[in-house]
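Peer 1: For reference, the structure I am asking about is given below.
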Amino acid sequence: MTNRTYFIRTFGCQMNEHDSERAAGVLETMGYRPAPDPESAGLVLFNTCAIRENADNKLYGQLSHLKPLKLADPAKTIVVGGCLAQKDQGAIAARAPWVDVVYGTHNMGSLPQLLAQADSAALPVVEILEHTQMFPSALPARREVRHHAWVSISIGCDNTCTFCIVPLLRGPEKSRMLGDIVAEVCELVADGVTEVTLLGQNVNSYGRDLVRADPGPGRRNRTLFAELLHALGEVPGLERVRFTSPHPKDFTSDVFAAMRDVPNVCEQLHLPLQSGSDRILRRMQRSYRSSRYLDLVAEARATIPGVAISTDVIVGFPGETEDDFDDTLRVAGAAAFDAAFTFKYSKRPGTAAVSLDGHVAAAVMDQRFLRLAELTRSLSAASHARQVGTVQELLIEGPSKTDPARMSGRTRENRLVHVPATAAARPGALVNARLTDAAAHYLLGEVTDAPAGRAVPTAPPPRTLPDGQNGDLTAVLPAARP
Ligand code: SAH
Ligand code: SF4
Ligand code: F3S
18 MTNRTYFIRT FGCQMNEHDS ERAAGVLETM GYRPAPDPES AGLVLFNTCA
68 IRENADNKLY GQLSHLKPLK LADPAKTIVV GGCLAQKDQG AIAARAPWVD
118 VVYGTHNMGS LPQLLAQADS AALPVVEILE HTQMFPSALP ARREVRHHAW
168 VSISIGCDNT CTFCIVPLLR GPEKSRMLGD IVAEVCELVA DGVTEVTLLG
218 QNVNSYGRDL VRADPGPGRR NRTLFAELLH ALGEVPGLER VRFTSPHPKD
268 FTSDVFAAMR DVPNVCEQLH LPLQSGSDRI LRRMQRSYRS SRYLDLVAEA
318 RATIPGVAIS TDVIVGFPGE TEDDFDDTLR VAGAAAFDAA FTFKYSKRPG
368 TAAVSLDGHV AAAVMDQRFL RLAELTRSLS AASHARQVGT VQELLIEGPS
418 KTDPARMSGR TRENRLVHVP ATAAARPGAL VNARLTDAAA HYLLGEVTDA
468 PAGRAVPTAP PPRTLPDGQN GDLTAVLPAA RP
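Written out as structure tokens, the structure reads:
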């Protein structure tokens with residue numbers, strides 16, 4: 018009897034996690050069931066990422082681990098899909114000929130046919146399309162978590178950030194109809210979901226293509242993205258709405274207003290900065306400048322009480338000097354980020370940045386990376402410390418990864434909190450917790466009957482910047498949290 022079980026390993030971003038849920042849904046409709054590990058699974062699928070070079074290396078490393086398993090059991094099916102498959106195409110089959118199927122970012126729906134072809138083929142079956150066959154949301158999904166769902170509102174990206182390979186791999190931006198999104202969310206809520214995260218490479222340009230295609234009567238007074246947030250605010254039983262990622266150049270005040278006015282839209286903003294140097298932002302073809310970025314941060318903090326702001330930053334982009342890097346430290350300090358994801362620049366073949374001059378030496382990049390990490394760590398520690406003593410609503414996710422006696426949950430601002438594992442703190446439950454201790458990456462708390470209040474800061478955001486550069490920053494510093 019053939020082993021119809023599957024194991025999926027996902028690399029990369031939330032879009033990929035969501036794509037993996039779709040791949041699992043497709044496999045389950047074919048009669049496959051989950052397996053606990055790649056060794057015992059009849060089918061192993063790697064959903065790949067190509068955003069940085071180490072993502073490439075990781076995949077090839079993992080594929081070589083599978084080779085002896087495939088040799089021992091030739092009936093085992095090995096599938097490689099997603100962004101790196103789109104980028105490397107035939108090269109995967111050439112480097113790892115024990116792979117059975119390779120598919121790209123536009124054709125997950127063909128998985129059943131590709132698997133059928135692989136059954137009778139001696140060589141790997143490779144199908145990479147240049148354009149999306151169908152919106153992936155039309156495929157069934159098997160969700161990892163019962164109460165949370167990813168919902169894609171657009172696919173692809175129309176921007177030209179010079180470091181980024183995503184537009185080459187995911188194609189041009191294409192928005193989903195607003196009514197289809199709301200209908201999917203209603204179905205998810207009927208199925209027990211209380212929290213959704215809206216996904217798009219640039220969520221606040223959502224719907225521009227739809228409006229271009231059908232401008233509708235008269236002028237709209239809200240962007241379609243703000244419209245969508247308001248529409249989701251009307252869905253009964255939907256407790257929390259998050260979204261990722263907006264682009265600073267497209268951010269409009271109506272989205273801040275929606276985050277303030279629509280009760281289920283969480284006070285969480287992920288706003289990628291990339292660099293604090295205007296010269297580097299220009300070379301990155303990110304069309305906002307640091308002052309505009311800090312204005313957005315100030316507007317968010319002034320409009321949305323308690324908002325937590327996180328970011329992405331790249332260090333060592335070609336041409337980045339010590340002065341440029343100091344600008345990044347300065348802007349990060351001024352923005353008082355609550356959390357930050359920091360990356361060393363990685364050369365991606367096919368992107369414009371590869372041919373820029375001034376590539377930064379690895380040792381310099383390492384040293385800048387550590388300096389930035391030290392700053393962002395102290396900013397998140399300070400942000401967490403300001404929460405101690407407050408009572409906040411937690412959505413419990415599950416047992417803590419490091420301590421089974423604790424359950425982990427998230428505040429509306431997406432802060433990770435561990436509480437003692439009691440009957441009330443079961444996965445999917447909304448509880449109130451009094452926050453008692455803070456570390457850089459998490460908080461500790463205990464479940465309480467006390468009502469949740471908005472976070473009340475005990476101290477203003479830290480304003481000590483490296484090298485004593487506090488000088489003229491007061492004008493751009495965000496207001497202390499109300
Ligand atoms: N569409 C999202 C970003 C997707 S990629 C947005 O614009 O916000 C996620 C993050 O990876 C980016 O924000 C960037 O900080 C980082 N990244 C992308 N390409 C990179 C590269 N070549 N080297 C290093 N980091 C990169
Ligand atoms: Fe990449 Fe820029 Fe598009 Fe984000 S907005 S996916 S960084 S090109
Ligand atoms: Fe995401 Fe990686 Fe593709 S970050 S869009 S999975 S290249």
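Under the working numbering, the first residue of the sequence shown is numbered 18, with each subsequent residue one higher.
Glycine residues also receive a C-beta, built at the ideal position from the N, C-alpha and C atoms.
Here the structure is a predicted model, which is why all the values come from computation and not from measurement.
(1) How should H35 be labelled, buried or exposed, when 16 other C-beta atoms within 10 angstroms of its C-beta is the threshold for buried?
(2) For the ligand SF4, I want to know if P184 counts as a neighbour, meaning its beta carbon is within less than 7 Å of at least one of the ligand's heavy atoms.
(3) Report the three-state DSSP secondary structure of Y77 (helix, strand or coil).
(4) Counting along the chain, where does the beta strand (DSSP E) carrying Y23 start and finish?
(5) Pick from S154, R112 and G98: whose alpha carbon is nearest that of L131?
(6) If you compare alpha carbons, which of K93, D90 and G121 is closest to K104?
(7) In the structure shown, what three-state DSSP assignment does D36 receive?
(8) What first and last residue would you give for the beta strand (DSSP E) that runs through K361?
(9) Within 10 angstroms of the Cβ of P289, are there 16 or more other Cβ atoms? Answer buried if so, exposed if not.
(10) Find the nearest neighbour of D295 within the set V348, V448, A369 and L80, judged by alpha-carbon distance.
(11) In whole angstroms, what is the alpha-carbon distance linking K191 and E391?
(12) Measuring straight from C-alpha to C-alpha, what distance separates V473 and V183?
(13) To the nearest angstrom, report how far apart A325 and H287 are at their CA atoms.
(14) Take every Cβ of the region 425–445, pair it with every Cβ of the region 363–383, and state whether three or more of those distances are shorter than 8 Å.
(15) If distances are taken between C-alpha atoms only, which option among H247, T359 and F260 comes closest to F382?
(16) Kindly list the residues whose CB is nearer than 7 Å to the CB of A89, restricted to its own chain and excluding five residues on each side of it in sequence; keep chain order.
(17) Straight-line CA distance for A356 to V202?
(18) Secondary structure at P265, three-state DSSP: helix, strand or coil?
(19) Determine whether the beta carbon atoms of E70 and S372 lie at a separation below 8 Å.
(20) May I ask you to verify whether the region 160–176 touches the region 130–148, counting CB pairs closer than 8 Å and requiring at least 3?
(21) Considering only the beta carbon of each residue, do L396 and F354 sit closer than 8 Å?
(22) Tell me whether the beta-carbon of A110 lies closer than 8 Å to the beta-carbon of V116.
(23) Taking A275 and L246 to be in contact with their CB atoms under 8 Å, please state how far apart those CB atoms are, rounded to whole angstroms.
(24) What did DSSP end up calling T179 once you bin it into helix, strand or coil?
(25) Could you tell me how far apart the beta carbons of L60 and Y77 are, in whole angstroms, since I believe they sit closer than 8 Å?
(26) Alpha carbon to alpha carbon, how far is A446 from R160?
(27) By how many angstroms is the C-alpha of I68 removed from the C-alpha of E337?
(28) Which residue wins for smallest C-alpha separation from A467, given the options G42, N449, L460 and P53?
(29) Under DSSP, the beta strand (DSSP E) around A166 begins and ends at which residues?
(30) Taking 8 Å as the cut-off, decide whether the C-beta atoms of T22 and A52 are in contact.
(31) Any heavy atom of the ligand SAH closer than 7 Å to the Cβ of R259?
(32) So does N33 have its beta carbon nearer than 7 Å to some heavy atom of the ligand F3S?
(33) Any heavy atom of the ligand F3S closer than 7 Å to the Cβ of G98?
Peer 2: According to the structure shown:
(1) Buried.
(2) Answer for P184: yes, Cβ within range of the ligand SF4.
(3) Looking at Y77 - three-state DSSP - the assignment turns out to be helix.
(4) From DSSP, the beta strand (DSSP E) with Y23 extends over T22 to T27.
(5) Of the listed residues, the one whose Cα sits closest to L131 is G98.
(6) Among K93, D90 and G121, the Cα nearest to that of K104 is on G121.
(7) Helix.
(8) A356 to K361 is the extent of the beta strand (DSSP E) around K361.
(9) Label assigned to P289: buried.
(10) When C-alpha distances from D295 are compared across V348, V448, A369 and L80, the shortest belongs to V348.
(11) Each residue's alpha carbon lies about 38 Å from the other.
(12) Low local confidence applies: a pLDDT of 49 at V473 is under 50, so the model's placement there is unreliable, with the coordinate-based value given in what follows. If you take the alpha carbons of V473 and V183, they lie about 39 Å apart.
(13) Each residue's Cα considered, the two are about 8 Å apart.
(14) Touching, no.
(15) Residue identity check: residue 382 is Met in the sequence provided, not Phe. Selection H247, T359 and F260 evaluated against M382 yields T359 as nearest (Cα-Cα).
(16) Answer for A89: no residue qualifies.
(17) Their backbone Cα atoms lie some 28 Å apart in a straight line.
(18) Helix.
(19) At least 8 Å separates the beta-carbon of E70 from that of S372.
(20) No, they do not touch.
(21) In this structure, L396 sits near F354, with a CB-CB distance shorter than 8 Å.
(22) In this structure, A110 sits near V116, with a CB-CB distance shorter than 8 Å.
(23) Yes, they are in contact, since the Cβ atoms of A275 and L246 sit about 4 Å apart, within 8 Å.
(24) Correct three-state label for T179: coil.
(25) Going by Cβ atoms, the distance from L60 to Y77 rounds to 20 Å, so no, they are not a contact pair.
(26) Approximately 17 Å between the Cα atoms of the pair.
(27) If I take the Cα positions, the gap works out to 20 Å.
(28) The residue with the shortest Cα to Cα distance from A467 is N449.
(29) Boundaries of the beta strand (DSSP E) around A166: H165 to S169.
(30) Between T22 and A52, the CB-CB gap stays under 8 Å.
(31) Incorrect: R259 has no Cβ contact closer than 7 Å to the ligand SAH.
(32) Checking every heavy atom of the ligand F3S against the Cβ of N33, one is found closer than 7 Å.
(33) Incorrect: G98 has no Cβ contact closer than 7 Å to the ligand F3S.
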